[in-house]
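*Asks:* Take the sequence shown: its position 203, counting from 1, is numbered 202 in numbering that gives the first Met the number 0, and each next residue is one higher. Just so you know, even glycine gets a beta-carbon here, dropped at the ideal spot from N, CA and C. Attaching a single structure in structure tokens format; questions to follow.
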Amino acid sequence: MKIVIVGNNVAGTFSAQNIRSLDDKVEINIFTQESYPYYTRVDLPELISDKTTIEKLIVFKKDWYQKKNLNLYLSKKAIRLDPKKKIIYFEGESEAVSFDKLILALGSTPNIPPIKNALEMRDNKKGVFTLRSINDALEIKEFIKNNGAKKAIIIGGGLLGLELATQIKEGNLDTTVVEFFPRLLPRQLDEDCGNMLKSEIENRDIKVILNATTEEILGSEKVSGIKLKDGRVIEADIILIQAGIRPTTELAKKGNIETDKGIIVNEFLETSKKDIYAVGDCIQYKNQIWGIIPACIEQSKIIAASVLGLKKVEYKGTTPKNTLKIIGLDLTSIGIINPSKEEKGGWDILKKADKKNCCYQKLILKDNKLKGAILFGENQALSYVYKKMEQDVDREEVKKLLELYTYRCENCGAEYDESMKDILFENLPEDFKCKCGQIKKGFKRKN
């Protein structure tokens, strides 16, 4: 059997690896328009600031593919496929490539908001960039050097946008982050943690503008700044747009494969065409787009069994999970982190907010099950969270884990439970008083 995989990203690479682990004879061919073997995109900003090298970014060198008996074809852009004839065409190649089974690991494309001049100035290299590949990082680095850029704007306060801002600042550029939403990382953090993160970023001399809609990119031959919807103008020598991603679906559409926001798949990651599968950032399953590494890895296991015709395992979705280091601080966001007010009761939120030491830990329970967590600045609870997600937990055990305590007023017996408060007891002002008038020194720790 001949398997063709289009895409050498996380989803494509791990799909190939998992198929090979189950079958050492099947032919596996990986085609990618990238110029390099599989590398990690998370550290791309560090390539711009010279904190890493291309060699260090590459996870699997060419000899890894050879040892796994995987045929890797670089700089091969798929442009058309014929599901009926089971052939696929590549740019610059006269002959089509045949397949018995095809896996589309097309990944995602940077999302460009409807900003006047954004696309034209990006496509014509006038100082507007998106960051999604090694080549993108090299172009950004070269532009900054050749044009003596001093001021940078990052449009988008997401994970990669903030890390990019940090690395751009390392290059001594005046750096501003412009975010459409009222807080940073709106999908990963709640309001309190978002505010804490904003303060930490601003402490690093990076400006942050929230609730801001970029209306226009300014400049003619070269970018000169942006104009916001409220009329404000911010000067810049380079603009980096990191406003999320969207599934890459063009190739699937050309093959008349059913698509919506992404390539539509069933629980076995099968598309609407026989023997054609899809995996990773490009897919849409049950009206949801995933776009996170844990989902790609989980799906790659499902697809390996499906393609080989082994006992099929259903894909049931992936718990949203993001773990990374941002501005030098550990950050983990997993599961439900902002329970909807419309949802029925049963939610129990334990929170440790220590602004003094830049620590924010929040665990979300429902019916005594751990449903989500935010860990910022400290990660001693990380292994516990991973182990206990969706399992029964003991509230007092969680309080002990987070080092949250209850303090009792010696006068009236009133309690100050840190797990229910926004401020740790030790961080309360010395003139804090109980409702009975007792001062802070008149409280004793209960547990």
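Whose CA, out of Cys295, Ile2, Ile373, Asn134, lies closest to the CA of Asp329?
*Replies:* Ile373
*Asks:* Would you kindly work out how many angstroms separate the C-alpha atoms of Thr12 and Tyr37, rounded to a whole number?
*Replies:* 7 Å
*Asks:* Should the stretch 364-380 be called in touch with the stretch 346-353, which here means at least 3 C-beta pairs below 8 Å?
*Replies:* yes
*Asks:* Could you tell me the boundaries of the alpha helix (DSSP H) in which Thr165 lies?
*Replies:* 158-169
*Asks:* Count the C-beta pairs between the stretch 188-197 and the stretch 353-364 that are closer than 8 Å, then say yes if the count reaches three, no if not.
*Replies:* yes
*Asks:* Output needed for Val397: all residues of its chain with C-beta closer than 7 Å, excluding positions within five of it in sequence on either side, in chain order.
*Replies:* Leu349, Leu362
*Asks:* With DSSP collapsed to three states, give me the class of Cys433.
*Replies:* coil
*Asks:* Between which residues of its own chain and Lys24 is the CB-CB distance below 7 Å, once the five residues before and five after are set aside?
*Replies:* none
*Asks:* Gly447 and Gly279: beta carbons closer than 9 Å?
*Replies:* Since the first and last residues shown for the chain are 0 and 446, residue 447 lies out of range.
*Asks:* Decide if the stretch 236-255 is in contact with the stretch 104-124; the criterion is three or more beta carbon pairs, one per stretch, under 8 Å apart.
*Replies:* yes
*Asks:* Going by DSSP, what residue range makes up the alpha helix (DSSP H) through Thr12?
*Replies:* 9-21
*Asks:* Assign Glu215 to one of three DSSP states: helix, strand, or coil.
*Replies:* strand
*Asks:* Taking Leu159 as the reference, which of Ile18, Asn321, Cys435 has the closest Cα?
*Replies:* Asn321
*Asks:* Could you give the first and the last residue of the continuous alpha helix (DSSP H) run that contains Trp63?
*Replies:* 61-66
*Asks:* Would Cys295 be called buried (16 or more neighbouring beta carbons within 10 Å of its own) or exposed?
*Replies:* buried
*Asks:* Would you identify the three-state DSSP class for Val232, choosing helix, strand or coil?
*Replies:* In the structure shown, Val232 sits in a strand (DSSP, three-state: E or B).
*Asks:* Looking only at its chain, what residues have a beta carbon closer than 8 Å to the beta carbon of Ile495, apart from the 5 residues adjacent to it on each side?
*Replies:* Residue 495 is absent from the structure shown; the chain starts at 0 and stops at 446.
*Asks:* Going by C-alpha to C-alpha distance, which of Thr258, Ser299, Ala151 sits closest to Ile233?
*Replies:* Ala151
*Asks:* For Ser339, count the other beta carbons within 10 Å of its own beta carbon; 16 or more makes it buried, fewer makes it exposed. Which is it?
*Replies:* exposed
*Asks:* Between Asp430, Phe442, Asn378, which has its C-alpha nearest Tyr404's C-alpha?
*Replies:* Phe442
*Asks:* Measuring straight from C-alpha to C-alpha, what distance separates Leu137 and Phe128?
*Replies:* Using only the alpha carbons, I get a separation of about 11 Å.
*Asks:* Is there contact here, the stretch 271-289 with the stretch 246-261, by at least three beta-carbon pairs under 8 Å?
*Replies:* yes
*Asks:* Please classify Glu417 as buried or exposed, where buried requires at least 16 other C-beta atoms within 10 Å of its C-beta.
*Replies:* buried
*Asks:* Quick check: the Cα distance between Val222 and Gly308, rounded to an integer number of angstroms?
*Replies:* 53 Å
*Asks:* Between the Cα of Leu381 and those of Ala304, Thr331, Lys84, spot the shortest distance and give me the residue it belongs to.
*Replies:* Thr331
*Asks:* Mind checking who Thr450 pairs with in its DSSP beta bridge?
*Replies:* Because the chain spans 0 through 446 in this model, residue 450 falls outside it and cannot be assessed.
*Asks:* Over the uninterrupted alpha helix (DSSP H) stretch that includes Val306, give me the two end residues.
*Replies:* 292-307
*Asks:* Is Glu178 closer than 9 Å to Ile326 when the C-beta atoms are compared?
*Replies:* no
*Asks:* What residues in its chain sit with their C-beta under 7 Å from that of Val306, if we drop five residues either side in the sequence?
*Replies:* Ile2, Ile18, Lys100, Ile102, Tyr276
*Asks:* From this set, Cys435, Met195, Leu209, Leu118, which residue's C-alpha is nearest Gly376's C-alpha?
*Replies:* Met195
*Asks:* Let's see if you can read the secondary structure: which residues bound the beta strand (DSSP E) around Gly224?
*Replies:* Note, Gly224: beta strand (DSSP E), 222-227.
*Asks:* Just tell me which of Lys399, Gly218, Leu401 has its CA closest to the CA of Met120.
*Replies:* Gly218
*Asks:* If you follow the alpha helix (DSSP H) that Leu196 is part of, which residue opens it and which one closes it?
*Replies:* 190-202
*Asks:* Using the beta-carbon count (16 or more within 10 Å), is Ser14 buried or exposed?
*Replies:* The residue in question, Ser14, is buried, as its Cβ has 16 or more Cβ neighbours within 10 Å.
*Asks:* Under a three-way DSSP split, which group does Tyr314 fall into?
*Replies:* coil
*Asks:* Taking the runs of the alpha helix (DSSP H) that are 4 residues or longer, which of them lie wholly in the stretch 81-125?
*Replies:* Along the stretch 81-125, the alpha helix (DSSP H) occurs as fully enclosed runs of 4 or more residues at 117-122, listed in sequence order.
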